[in-house]
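Student: Before I ask anything, here is the structure I am working with.
There are 2 protein chains.
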Amino acid sequence: MPRPPVPELVRRARAGDRGAVAKLISTVEAGGPAALEAAAALYPHTGRAYTIGVTGAPGAGKSTLVDALIGCIRASGDEVGVLAVDPTSPFSGGAILGDRVRMQDHALDPGVSIRSMATRGHLGGLALATPQAVRVLDAAGKRWVLVETVGVGQVEVEVAGAADTTVVVVNPGWGDGVQANKAGLMEIADVFVVNKADRAGLDETVRDLNLMLDLSGERAWRPPIVPTVAVRGEGIPELWAAITDHRAHLEATGELERRRLERLRREVRTIVTARLAEQAETVCSGERFERLVGAVAARTRDPYAAADELLAELGAGAGACCGPGPSDPAADPGLASPR
Amino acid sequence: MPRPPVPELVRRARAGDRGAVAKLISTVEAGGPAALEAAAALYPHTGRAYTIGVTGAPGAGKSTLVDALIGCIRASGDEVGVLAVDPTSPFSGGAILGDRVRMQDHALDPGVSIRSMATRGHLGGLALATPQAVRVLDAAGKRWVLVETVGVGQVEVEVAGAADTTVVVVNPGWGDGVQANKAGLMEIADVFVVNKADRAGLDETVRDLNLMLDLSGERAWRPPIVPTVAVRGEGIPELWAAITDHRAHLEATGELERRRLERLRREVRTIVTARLAEQAETVCSGERFERLVGAVAARTRDPYAAADELLAELGAGAGACCGPGPSDPAADPGLASPR
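Read top to bottom, the protein sequences are chains A and B.
Okay, so the first sequence: first residue is 25 according to this note's numbering, each after it adds one.
Okay, so the second sequence: first residue is 25 according to this note's numbering, each after it adds one.
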């Protein structure tokens with residue numbers, strides 16, 4: 025079945041067609057000219073969704089918490105979109121969903137869209153694909169978008185942290201042992217959840233988090249620490265209150281606008297960098313490149329002069345020639361291995 | 025005292041003036057237009073030096089081994105240059121030399137040039153500065169250049185591995201415990217030295233290295249494993265024989281030329297990538313960038329259209345406008361932090 029044209033998909037998605045929403049998310053995730061077309065068509069219809077990032081180690085209970093938050097949002101009458109982002113998975117469009125049995129309460133609710141995402145060739149990877157997918161849900165009228173990331177590595181933290189409010193989920197005993205990226209999580213957290221709070225070590229974990237917050241200096245917003253037992257719904261009203269308090273704080277102080285502007289700054293910069301990296305890959309391959317390297321070997325050019333000639337080749341076409349490519353340009357191994 | 029012009033420095037360096045050699049190495053290390061001028065002026069006079077990389081963990085005895093190799097080379101009548109590269113040091117031009125008391129035997133020998141290097145703003149970092157510094161020594165008539173790197177991180181391995189023959193120095197007991205980057209070292213080694221071979225565990229270490237070499241599959245050259253006690257000069261003739269054997273192998277098989285061509289390919293690619301990254305940084309700052317981001321925030325542009333406009337700005341100037349800048353473009357934090 026051929027995919028309907030992008031403008032039609034956008035029109036249908038805006039009218040609430042969940043199939044069109046799913047197809048558009050797959051489109052922006054896959055990259056290529058259709059993704060660019062979708063980006064341009066969707067963008068004017070966006071800017072009303074409030075995004076909540078949820079991150080934490082595998083097994084911390086993120087999906088159960090997201091499920092509970094869906095309930096809070098639906099109770100208010102608003103529609104909600106959920107993106108489950110797994111940077112480590114080569115699959116998408118349903119791969120994670122198989123595990124998300126707890127969300128099936130909401131699967132038939134037309135006010136809820138749940139999609140999973142992985143990196144699939146999008147220019148700039150998940151850092152660029154995720155905001156695009158959020159925009160699909162935004163244009164489709166979801167007033168809230170939950171972005172759940174699986175894991176606590178740099179990419180996960182980056183993706184989850186690029187939300188209006190970021191919820192970091194830990195468990196009692198979090199302070200023990202080697203903790204990858206604890207500093208990264210401290211930096212992005214607007215709200216801490218200590219889920220599975222009925223387990224031993226809650227008090228110590230809350231104390232440790234408070235200590236770390238004390239050490240991290242004065243801030244206009246001190247992230248509250250909310251104990252929850254998500255499977256029994258305990259602490260969920262408090263969590264929802266913490267999130268809406270944070271939103272009110274951001275809106276009252278003008279910080280929401282500043283944050284969103286900074287995210288756009290970063291996004292545009294990432295697109296520019298990814299495109300130029302792609303161009304570097306293009307000019308540094310093929311016959312002309314080999315001929316120039318041959319001239320360098322023969323010492324009729326020095327390496328810098330050769331690089332200049334390759335860059336001059338980009339010339340006037342630098343801005344115009346480059347659609348997003350099939351692979352992540354950040355993966356260029358040119359600098360990484362010695363031979 | 026103002027630095028003499030680059031052409032005069034090159035002329036003097038080629039005539040054997042050690043002060044001019046030192047000034048030129050500082051020049052290429054510092055980057056900027058003078059570095060480019062030096063690159064162009066030096067390059068036609070290069071291509072005769074044979075480079076030996078020496079790497080290994082701190083304390084493995086690299087400096088003592090390098091000192092011994094200087095002796096082997098001087099015994100043959102050839103001149104030798106030594107670069108001590110420390111990626112972690114913000115200092116250069118003598119910082120490491122203070123520690124290199126063992127090399128003082130050679131400090132007054134006019135056939136020996138010893139310089140230390142760190143990253144100091146060179147476009148593309150040490151990966152680009154090191155081959156340029158090697159070329160200074162090459163143009164100055166050093167038929168051998170020893171490149172010693174301090175440490176076994178990725179940069180060290182990359183720099184040391186970009187030599188004609190790479191010597192990896194380990195000690196007995198190397199197989200024990202957590203070993204960072206063992207695979208990287210296995211990949212670049214042409215010769216293994218087990219220095220401090222009078223210590224316990226020599227046989228196990230040799231056995232382990234052989235096992236790893238067995239596992240790494242068939243190769244045209246199997247790196248020999250040479251036990252040494254460098255402080256007493258034991259094993260040095262065998263090490264020198266292993267190095268010259270490897271050189272003979274590379275020359276006889278045509279592999280030397282292939283390797284050097286691949287290094288040039290990588291170098292040109294690195295220059296192109298670094299320049300484009302620099303351009304990305306330039307267009308993604310300043311008033312025009314802020315105006316465009318403002319338009320994106322106001323939704324009169326989408327982020328991809330804004331990026332296109334910035335890239336178009338580079339336009340015809342893409343190849344011509346860009347000298348090396350004051351800072352390492354690889355350090356652009358654009359993708360790294362979430363906000």
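For each residue, glycine too, the CB sits at the ideal point set by N, CA and C.
Return the CA-CA distance between A64/A and L132/A, expressed in angstroms with no decimal places.
Tutor: Here residue 64/A is taken as the residue at index 40 of the first sequence, counted from 1. Here residue 132/A is taken as the residue at index 108 of the first sequence, counted from 1. The alpha-carbon atoms of A64/A and L132/A are separated by roughly 30 angstroms.
Student: Which first and last residues belong to the beta strand (DSSP E) in which G80/B is found?
Tutor: Translated into the one-based positions of the second sequence, residue 80/B becomes position 56. Segment 74-80, the beta strand (DSSP E) holding G80/B.
Student: Examine the Cβ distances between the segment 315-329 of chain A and the segment 281-295 of chain A and report whether three or more of them are shorter than 8 angstroms.
Tutor: no
Student: With a threshold of 7 angstroms on Cβ separation, who are the neighbours of H5/A within its own chain once the five nearest residues in sequence on each side are excluded?
Tutor: The structure shown has nothing for residue 5/A, since chain A only spans 25 to 363.
Student: Of the choices Y328/A, P57/A, Y67/A, L334/A, whose alpha-carbon is the least far from that of P57/B?
Tutor: Within the second sequence, the letter at position 33 stands for residue 57/B. Cα-wise, what sits closest to P57/B is Y328/A.
Student: Which one or two residues does DSSP pair with P251/B in a beta bridge?
Tutor: To locate residue 251/B, count along the second sequence from 1; it is residue 227. Its beta-bridge partners are V218/B.
Student: Just to confirm my understanding: we take H20/A, look at its own chain, exclude 5 residues before and 5 after, and list those with CB closer than 7 angstroms. What are they?
Tutor: Not covered by the structure: residue 20/A. The range shown for chain A is 25 to 363.
Student: Grab me the residues of I49/A's own chain with a C-beta within less than 6 angstroms of its C-beta, minus the 5 sequence neighbours each way, in chain order.
Tutor: Here the question's residue 49/A lines up with position 25 in the first sequence. So the qualifying residues of the chain are R139, A157, V160.
Student: Which two residues bound the contiguous beta strand (DSSP E) that contains R139/A?
Tutor: Start at 1 with the first residue of the first sequence, and residue 139/A comes out as number 115. It spans 136-141 - the beta strand (DSSP E) in which R139/A sits, taken as one unbroken run.
Student: So if DSSP puts G175/B in a beta bridge, which residue, or which two residues, is it bridged to?
Tutor: Translated into positions along the second sequence, residue 175/B becomes position 151. For G175/B, which the question treats as bridged, DSSP gives the partners G80/B.
Student: Kindly list the residues whose CB is nearer than 7 angstroms to the CB of E2/A, restricted to its own chain and excluding five residues on each side of it in sequence; keep chain order.
Tutor: In the structure displayed, chain A extends from 25 to 363; residue 2/A sits before or after that span and is not available.
Student: For G71/A, return the contacting residues in chain B, with the cut-off set at a CB-CB distance below 7 angstroms.
Tutor: If you number the first sequence from 1, residue 71/A lands on position 47. Listed by position along chain B, the residues whose Cβ is nearer than 7 angstroms to that of G71/A are R323.
Student: By Cβ distance, which residues of its chain are closer than 8 angstroms to T229/B, with the 5 residues on each side in sequence left out?
Tutor: Mapped onto the second sequence, residue 229/B falls at position 205. The answer, listed in chain order, is V194, N195, P196, G197, W198, G199, V218.
Student: Is it right to say R299/A is buried, meaning 16 or more other beta carbons lie within 10 angstroms of its own, or is it exposed?
Tutor: The sequence position of residue 299/A within the first sequence is 275, counting from 1. Counting Cβ neighbours within 10 Å, R299/A comes out buried, since at least 16 surround it.
Student: Three-state secondary structure (DSSP) at A187/B?
Tutor: Locating residue 187/B in the second sequence gives position 163, counting from the first residue. Correct three-state label for A187/B: coil.
Student: For chain A, is any of its Cβ atoms less than 7 angstroms away from the one on Y67/B?
Tutor: Counting from one through the second sequence, the residue named residue 67/B turns up at place 43. True, the Cβ-Cβ gap to chain A drops below 7 angstroms.
Student: Check the C-beta distance from V307/A over to E337/A and give it rounded, since I have them as a contact under 8 angstroms.
Tutor: Position 283 of the first sequence, counted from the first residue, corresponds to residue 307/A. Position 313 of the first sequence, counted from the first residue, corresponds to residue 337/A. Contact flag correct, Cβ pair sits at about 6 angstroms.
Student: Looking only at C-alpha atoms, which of V106/A, K206/A, E302/A sits nearest to G135/A?
Tutor: Looking up residue 135/A in the first sequence gives position 111. Nearest C-alpha to G135/A: V106/A.
Student: Roughly how many angstroms separate the alpha carbons of L285/A and G71/A, rounded to a whole number?
Tutor: For the purposes of this step, residue 285/A is taken as residue 261 along the first sequence, with counting starting at 1. For the purposes of this step, residue 71/A is taken as residue 47 along the first sequence, with counting starting at 1. So the two alpha carbons sit approximately 12 angstroms from each other.
Student: Between C308/B and chain A, is there a C-beta pair that is closer than 7 angstroms?
Tutor: Residue 308/B sits at position 284 when you count from the first residue of the second sequence. With 7 angstroms as the cut-off, C308/B counts as an interface residue toward chain A.
Student: If distances are taken between C-alpha atoms only, which option among E53/A, G165/A, E258/A comes closest to C96/A?
Tutor: The residue you call residue 96/A lines up with position 72 of the first sequence. The candidate whose alpha carbon is nearest that of C96/A is E258/A.
Student: Starting from L263/B, trace the alpha helix (DSSP H) in both directions and tell me its first and last residue.
Tutor: For the purposes of this step, residue 263/B is taken as residue 239 along the second sequence, with counting starting at 1. Run containing L263/B: 260-277, per the alpha helix (DSSP H) assignment.
Student: I'd like to know whether the C-beta atoms of A62/A and T75/A end up nearer to each other than 7 angstroms.
Tutor: Locating residue 62/A in the first sequence gives position 38, where the first residue counts as 1. Locating residue 75/A in the first sequence gives position 51, where the first residue counts as 1. No, Cβ-Cβ distance for A62/A and T75/A is not below 7 angstroms.
Student: Quick one: is D162/A near chain B, going by C-beta distance under 7 angstroms?
Tutor: Translated into the one-based positions of the first sequence, residue 162/A becomes position 138. Closer than 7 angstroms: no.
Student: Which residue from K220/A, G241/A, L235/A, D238/A puts its Cα closest to that of I260/A?
Tutor: The residue given as residue 260/A occupies position 236 in the first sequence. Nearest C-alpha to I260/A: K220/A.
Student: Among R287/B, D238/B, G318/B, W264/B, whose alpha-carbon lies nearest the alpha-carbon of I94/B?
Tutor: By 1-based counting over the second sequence, the position of residue 94/B is 70. Taking only the C-alpha atoms, the option nearest I94/B is W264/B.
Student: Since A151/A and E182/A are thought to touch, with beta carbons under 8 angstroms apart, how far apart are those beta carbons, to the nearest angstrom?
Tutor: Your numbering for residue 151/A matches position 127 in the first sequence. Your numbering for residue 182/A matches position 158 in the first sequence. Rounded, the Cβ-Cβ distance is 6 angstroms, consistent with contact.
Student: Just the Cα atoms here: how many angstroms apart are A44/B and A304/B?
Tutor: Walking along the second sequence from the start, residue 44/B turns up at place 20. Walking along the second sequence from the start, residue 304/B turns up at place 280. Whole-angstrom Cα-Cα distance: 35 angstroms.
Student: Since T88/B and A254/B should fall inside the 8 angstroms C-beta cutoff, what is the C-beta to C-beta distance between them, to a whole number of angstroms?
Tutor: Here residue 88/B refers to the residue found at position 64 of the second sequence. Here residue 254/B refers to the residue found at position 230 of the second sequence. Indeed, because the Cβ distance is near 4 angstroms, the residues count as touching under 8 angstroms.
Student: Against chain A, with Cβ distances strictly below 7 angstroms, would I74/B count as a contact?
Tutor: One-based indexing of the second sequence puts residue 74/B at position 50. Looking at the sequence shown, residue 74/B is not Ile but Tyr. Not closer than 7 angstroms to any Cβ of chain A, the Cβ of Y74/B fails to qualify, so no.
Student: Cβ closer than 7 angstroms: which chain A residues qualify as neighbours of D326/B?
Tutor: Here residue 326/B is taken as the residue at index 302 of the second sequence, counted from 1. The answer, in chain order, is A63, A64, Y67.
Student: Report the option in G55/A, R42/A, L66/A, V78/A whose CA atom is closest to the CA atom of P31/A.
Tutor: In the first sequence, residue 31/A corresponds to position 7, counting from 1. Of the listed residues, the one whose Cα sits closest to P31/A is L66/A.
Student: I'd like to know whether the C-beta of R126/B is nearer than 7 angstroms to at least one C-beta of chain A.
Tutor: Counted from its first residue, the second sequence places residue 126/B at position 102. With a pLDDT of 47 at R126/B, under the threshold of 50, the predicted position of this residue should be treated as unreliable, though the coordinate-derived value follows. Taking Cβ atoms only, chain A never reaches closer than 7 angstroms to R126/B, which makes this a no.
Student: Out of curiosity, what's the CA-to-CA distance linking E211/B and R167/B?
Tutor: Taking the second sequence and counting its residues from 1, one reaches residue 211/B at position 187. Taking the second sequence and counting its residues from 1, one reaches residue 167/B at position 143. If you take the alpha carbons of E211/B and R167/B, they lie about 26 angstroms apart.
Student: Would you decide whether G310/B is buried or exposed? Buried here means 16 or more other CB atoms lie within 10 Å of its CB.
Tutor: Walking along the second sequence from the start, residue 310/B turns up at place 286. Exposed, by the Cβ-count rule.
Student: Do A184/B and E53/B come within 7 angstroms of each other at the CB atom, strictly closer than that value?
Tutor: As a first step, residue 53/B must be located in the second sequence, where it is residue number 29. As a first step, residue 184/B must be located in the second sequence, where it is residue number 160. No, Cβ-Cβ distance for E53/B and A184/B is not below 7 angstroms.
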